[in-house]
């Protein structure tokens, strides 16, 4: 089996398949990606709140909670460390937030805060997922996919090729592939969303803090603040104006002046039209794991299980329909 792309959806899919007894090769050119530069939040409560505010009647609380619980299972199997320090909402309308979380089963405290939201260190998590026995890695770039009678042929920029009966496409927002029209139609549904965030060396926060347009979360040797949601932008250059705005918002959130040592980074996320991932079969032997918007880490294990179930021709899980890549 081949998995194209080593962001969190590709890594999680490879790890899930390997844990089920399959031999999997990850193909990726290397370097940072949206998953590696992220804050690593597994945050069903906060994300359910933000999605509800953005879309009105849509309620993803139950879906996000199932995704978090599925992540816990994969994390335990792969040796991924989870911090369960929780999160606090410090923005406006705190009473309404408290009521919403209470209705959704997140057991908030009056701040309002919740222990339902977790966090991982992306570097540690990605290393552990890649190290699951049965997963190997090929550093290369995929140029095209074709499907002769012997299986899927994956052509590489190095000039070589790999053939497999099962291929998972997890190429993120910018992964252009020559291939069948059915795959092209799915990839065209993925909109890039640029995210800028900063690692603040020496800043200590006890848990994730959020308000309108800003968060501050624990990170190794400091904290991370972010993040922008720039729909349609694909540049990876640090935007000075956005940096200044994020600092201003973070200082207001935390009630303190930030240290001057901030390392800014940019990742390009992918999003589907409804904001939920694209996971499942596109053609026989060809599945996708794409477009989690800002919830790549939260949704990764559920996406991986959906992909693995499709490959093994198991009965679809309860969330397979809402993630179906052909639903649009």
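Numbering (the working numbering), first residue to last: 1032 to 1359. From the three backbone atoms N, C-alpha and C, an ideal C-beta is built for every residue, glycine too. These numbers come from a predicted model, not from an experiment.
Secondary structure of residue i, DSSP reduced to three states
i            : result
residue 1248 : strand
residue 1323 : strand
residue 1265 : coil
residue 1330 : helix
residue 1276 : helix
residue 1118 : strand
residue 1153 : helix
residue 1077 : helix
residue 1219 : coil
residue 1297 : strand
residue 1054 : coil
residue 1342 : helix
residue 1130 : helix
residue 1047 : helix
residue 1309 : strand
residue 1230 : strand
residue 1200 : strand
residue 1283 : helix
residue 1337 : helix
residue 1041 : helix
residue 1125 : helix
residue 1084 : helix
residue 1161 : helix
residue 1302 : strand
residue 1144 : strand
residue 1195 : strand
residue 1317 : strand
Run of the beta strand (DSSP E) containing residue i, from where it starts to where it stops
i            : result
residue 1034 : 1033 to 1035
residue 1173 : 1173 to 1177
residue 1096 : No beta strand (DSSP E) holds residue 1096; the alpha helix (DSSP H) holding it covers 1092 to 1109.
residue 1185 : 1183 to 1187
residue 1354 : It is not in any beta strand (DSSP E) - residue 1354 instead sits in the alpha helix (DSSP H) that spans 1351 to 1354.
residue 1190 : Run containing residue 1190: none; DSSP gives neither H nor E here.
residue 1167 : 1166 to 1170
residue 1239 : 1239 to 1242
residue 1254 : 1253 to 1257
Whole-number beta carbon distance between residue j and residue i, since they are thought to touch under 8 Å
i            : j            : result
residue 1148 : residue 1251 : That belief does not hold up - the Cβ atoms of residue 1148 and residue 1251 are roughly 19 Å apart, past 8 Å.
residue 1185 : residue 1199 : Not confirmed; about 11 Å, so no contact.
residue 1321 : residue 1301 : 6 Å
residue 1034 : residue 1215 : No, residue 1034 and residue 1215 are not in contact; Cβ-Cβ is about 19 Å, not under 8 Å.
Contacting residues, own chain, Cβ-Cβ under 6 Å from residue i (five flanking each side not counted)
i            : result
residue 1054 : 1165
residue 1242 : 1121, 1122, 1284
residue 1274 : 1295
residue 1306 : 1324
residue 1170 : 1061
Same chain, Cβ closer than 7 Å to residue i, five either side skipped, listed in chain order
i            : result
residue 1106 : 1113
residue 1270 : 1227
residue 992  : Residue 992 lies beyond the stretch modelled for the chain, which goes from 1032 to 1359, so this question has no answer here.
residue 1234 : 1253, 1254, 1289, 1290
Same chain, Cβ closer than 8 Å to residue i, five either side skipped, listed in chain order
i            : result
residue 1268 : 1297
residue 1207 : 1218
residue 1328 : 1039, 1066, 1069, 1071, 1072, 1073, 1102, 1151, 1153, 1156
residue 1288 : 1282
residue 1353 : 1094, 1307
residue 1051 : 1339, 1343
Minimum Cβ-Cβ distance from residue i to chain C less than 8 Å
i            : result
residue 1251 : Considering every chain present, this structure includes no chain C. It has just one protein chain.
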